[in-house]
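Here's the structure we're looking at; comments come further down.
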Amino acid sequence: MADNAEKPPVEIKEGRDYRETVFLPETPFPMRAGLPQKEPQTLAKWGELDLYNAMRAERQRAGAPLFVLHDGPPYANGAIHIGHALQKTLKDFVVRSKFLLGYDVDYVPGWDCHGLPIEWKIEEELRAQGRRKDEVSKAEFRTRCREYASKWIDVQRDGFKRLGVLGDWENRYATMDYGSEAAIVAEFHKFVASGQLYRGSKPVMWSPVERTALADAEVEYHDHVSPTIWVKFPVVEGSDAARGASVVIWTTTPWTIPANRAISYNEAVDYAVYQVEAMEEGLEFEPWAKAGDRLIVAEKLSDDVFKAAKIAKARRVEKVDCQGMVCEHPLAALDTHYAFQVPLLSGDHVTDDAGTGFVHTAPGHGADDYMVWLAHGHREIPDTVDPDGAYYPHVPLFAGLKVLETEGKKAGKFGPANGAVMDKLIEAGRLLARGRMEHSYPHSWRSKAPVIFRNTPQWFIRMDEPVDTPELGGRSLRETALESIEATTFYPAAGKNRIRSMVESRPDWLISRQRAWGAPLAMFVDKETNQPLHDPEVDKRIVDAIRAEGADAWFNRPVTDFLGSHDPDRYEKIEDILDVWFDSGSTHAFTLENRAHTKWPADLYLEGSDQHRGWFQSSLLESSGTRGRAPYDAILTHGFTMDENGEKMSKSKGNTVDPEVVIRESGAEIIRLWAAMIDYADDSRIGKTILQTTSDAYRKLRNTVRYMLGALADYTPDEAVELDQMPPLERFILHRLYELDAQVRTAYEGYLFQDVIRPVLDFCQNELSSLFFDVRRDSLYCDQPSSLTRRAARTVMDAVFERLTAWLSPLIPFTMEEAWLTRYPDAHSNCMRVIPQTPAEWRNDAEAARWAKVQQVTSVVTGALEVERREKRMGAALEAAPVVHVADPELLAAFEGLEPAEVFRTSQARLVAGEGPGFRLPEVPGVSVEPLKAEGRKCARSWRILPEVGTDPRYPDLSLRDAEAVAAWDAAHA
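Numbering-wise (the numbering used here), the sequence shown opens with residue 177 and increments by one.
Rendered as structure tokens:
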């Protein structure tokens, strides 16, 4: 007391507002993103920079390795949907991440323009004008199709660019471009020249609604209800027991009975003759079977047949051998056209799992039927159904009747054919029973209408004959394609098995279509030999004409313009168009070849998983058949987009997500972040709740960046601290940057975008916001600028910012661009950067181990203070001075060189070795916390409660640290 009395009086500065002396974060980078307004501004700046080409030029000057992503063309029909958005965003992740890793990236966006969907749209327009397609010239129709596709290319391109997708948009490709059509036809000519092309008459999947053949890739399966019939074929040749009996077949396609030419059986199935002894009684109708009938069916299925026919009792007469058996056609009694023999043919495709154990065989209407018919030496295939799905005029009893309706509201529904056939079978006394069955049935994936198998002449590419060209070297197309699959890398790896199984079992490639809008099978066929004309000069004239005038040249010009010295009367001009899968499968030929700054094959193809049967496969087959290998080194596939409940999106259900709406309301960055966070290899869910969760994650990330920008205000390299002078916490954060750098690089190399964003988000939340920023907030705000701790924190924060803005640039480029240019307004685009090198000396496993232990102890302190706050015994953590008892020597040693109060974010703290009283967490044994209150006065500047507050007479309401800082500030601002 006496000593105090002897001190001279001091000027008291109580009540001062110290806010101006605190280094609060300052940045123009706003908390609210305003993405819908800012993103278009960023896109405009990128456009002024010609960003994509500028990036390529810079990488090329640096001698960067080339990476080629070949774009699978979307169909130019309608605005973009969320599936488009996901796919294009994933492609942009690839492009931007490869640029980030130092590659020169070639990516040319493209469009698929030919095919049925556009034809339908034009037909709808014509009908609205009161015109029919057959009233319009092919030239006018094709012009309308071209104009329609052009319109949607523009719409879709704008939608993709709004998502931030980088690419060579000015040199986009389209399959309807004249040069593209010429290249497609040139690729087709290669198959003609190599002898891989042939014309065959066989049953193919045919869409009566669309009036064209369909390839396997154009067919999808849906549940469908079909009529079922059991039909009796009287035996005319066979064993004594079989004579007078009838072979019973079962089918779900009654309309194919007029085309029946045989019955198939399996030699491994046991068949027997049964005699009907009694029918069910009390029925509301008279069954078609009667006592005394003798029926031949598979023994295993006899009870099922009798149940369907309402047979109450039947006696097994004896086993029968079907070899050599011959039957009468069930309609023979009604018209002599059907008075031919129906042989029984053995076939492995027959089973006794369902039906009767016999298969009604119509070789013009089924693949198995066709193959077993040929295998037994038969060649003539009956034609019974025309392109409209109606019986030809030469088919007795049923001429003109339709299998499926093709127009109006009933399009795709059953026509009268099935009913008419059943009526005639009843009239002939050959129908045993009938019913209905729901089963999986092929439908056109475009019209969604059922398809039929129909015999028709088409052009095919052989899959299994050796090809004697330098490229294939005597291998078949199938062998070459399978070898290419083995040489291809798949992401995910399961894609290899999927496409391999498809290629192993696929039939010959059907490439002809009987439509108007497409690239033509531009060739001539010798009428005498029925073989295609192969004359390089003719082919050149065709290709040159198409390159100059488009595919219309083939349809509009006289044949003499192409044939030269050949006699036009000898040749048939083929006017079918190519399967659109051949078109898109040829895109590598005119996008990757004969262009500067690219290469063939592509490094990567990226599409949805359904393209194993589509673009991936057609590209594989086209390139294998012309170049002897796949046009890609790797394939990446993604799943489908579903609603939040995992259900398929449908406008009728109202569960679709329109990317344009999301962009308008939240910004493209939210779609991009969603795409980065999902496991794209599986089907992905999206909806309002998921997008809100994504927006929340974005907001946290943005706030992390904003905090760094504010804390780094006025930072210059002059204040940087060397690694050996860094405090432990800073060394730990640098170690985490070292770890993340390796993770990010590996993830981008493997296209695992989820493995970039999720670890980075966790790092931002756990190590940055919850640890580093929280612990260093006091030093950043209140230490003098010269403080080693503050300088070290800002040095590390600078390293974090440099890497975070690079790592996330491929995924959320709008935000990272905004952050980068906020800090460096005169700098080049953030997108131009190459990923920063991270020094190996930043690796510090010891610090990582230390902070794992520190965090364990800290979790107990945090838990204790939460209890105190909940019980209203304490407010902020700065009111606390916890005593922390640590029994584990390793945990205690982890705090060596650390200030416990700083780590715990309290005003004071004390570590005590050994067990002690207080709060505990079961998961951290040996640690207990006494949550005592801090003693002393509250510093008016830092708010820490310390006994030393007021001991500096210049600033009686400040701690000593804060007093020195304010004194320095006052001196600097005097």
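Using N, Cα and C, we set each Cβ at its ideal position, and we do this for glycine too.
For residue i, which of the options has the nearest alpha-carbon?
i, options, result
"H541", "A484, W431, P212 and L573", "W431"
"G740", "E494, K716 and S955", "K716"
"C987", "F275, G259, T203 and M231", "Here residue 987 turns out to be Leu, not Cys, going by the sequence shown. It is F275."
"K264", "E295, R338 and R303", "R338"
"D562", "G553, T582 and D545", "T582"
"A417", "E346, R303 and V493", "V493"
"G248", "K703, I637 and A778", "A778"
"I256", "D334, T560, G1126 and D282", "D334"
"T197", "R1117, V1125 and R1046", "R1117"
"F929", "S945, I854 and S860", "I854"
"R282", "R235, G611, D1146 and E662", "A small fix is needed here, since residue 282 is Asp in this sequence, not Arg. Out of R235, G611, D1146 and E662, R235 has the C-alpha closest to the C-alpha of D282."
"D728", "Y546, V361, P835 and V341", "V361"
"A765", "Y747, D743, E798 and P744", "E798"
"E820", "S946, D859 and F949", "D859"
"L1136", "A1150, H1149 and W1119", "W1119"
"R1130", "A1144, S760 and S356", "A1144"
Taking the alpha-carbon positions, what's the residue i to residue j distance?
i, j, result
"R192", "V1142", "11 Å"
"V526", "L550", "16 Å"
"L780", "Y808", "6 Å"
"D126", "Y957", "Nothing in the structure corresponds to residue 126, since the chain is present only between 177 and 1150."
"L225", "L219", "10 Å"
"S762", "P204", "51 Å"
"Y349", "C289", "10 Å"
"V756", "G291", "6 Å"
"E647", "V735", "32 Å"
"A1077", "D931", "35 Å"
"N942", "A772", "47 Å"
"G790", "L754", "15 Å"
"I329", "Y354", "16 Å"
"E395", "T428", "At residue 395 the sequence reads Val, which differs from the Glu that was named. So the two alpha carbons sit approximately 19 Å from each other."
"E386", "S623", "8 Å"
"R322", "G286", "15 Å"
"F1095", "G830", "53 Å"
"S522", "I602", "28 Å"
"M639", "L658", "11 Å"
"G1112", "V1059", "16 Å"
"F574", "D786", "40 Å"
"K366", "V473", "51 Å"
"A1085", "A1028", "19 Å"
"T865", "A844", "17 Å"
"G376", "V518", "25 Å"
"L296", "Q868", "The amino acid at residue 296 is misidentified as Leu; the sequence shows Trp. Their Cα atoms are separated by approximately 38 Å."
"A181", "F949", "Its pLDDT being 35, under 50, A181 is placed unreliably by the model, and the measurement read from it follows with that caveat. In a straight line, the C-alpha of A181 is about 44 Å away from that of F949."
Could you name the residues that DSSP lists as bridge partners for residue i?
i, result
"D288", "Y251"
"R470", "Q451"
"Y808", "A778"
"E396", "H619"
"Q517", "E504"
"M818", "K824 and R861"
"L1087", "V1060"
"E906", "Paired residues: none, contrary to the question."
"Y374", "F636"
For the ligand ZN, any of its heavy atoms closer than 7 Å to the Cβ of residue i?
i, result
"D759", "Ligands displayed in this structure: none; no statement on the ligand ZN is therefore possible."
Can you tell me the Cβ-Cβ gap for residue i and residue j, rounded? I've got them flagged as a contact below 8 Å.
i, j, result
"K749", "F700", "6 Å"
"N442", "H536", "Wrong, their Cβ atoms sit about 14 Å apart, outside the cutoff."
"Y279", "A240", "6 Å"
"P384", "L580", "5 Å"
"D1064", "G1102", "4 Å"
"L242", "K267", "With 8 Å as the limit, L242 and K267 do not qualify as a contact, their Cβ atoms being about 17 Å apart."
>> Check whether the region 690–707 and the region 809–818 are in contact - that is, three or more C-beta pairs closer than 8 Å.
In response: no
> Using 8 Å as the Cβ pair cut-off and three pairs as the minimum, do the region 1039–1048 and the region 1011–1023 touch?
Replying inline: no
>> Is it the case that the region 443–462 contacts the region 593–607, given that we only count it when at least three CB pairs across the two stretches are under 8 Å?
In response: They do not touch, by the three-pair rule.
> Are there three or more Cβ pairs, one per stretch, closer than 8 Å when the region 894–907 is compared with the region 963–977?
Replying inline: yes
> Three or more C-beta pairs closer than 8 Å, one from the region 477–487 and one from the region 449–467: is that the case here?
Replying inline: yes
>> Is it the case that the region 909–928 contacts the region 868–875, given that we only count it when at least three CB pairs across the two stretches are under 8 Å?
In response: no
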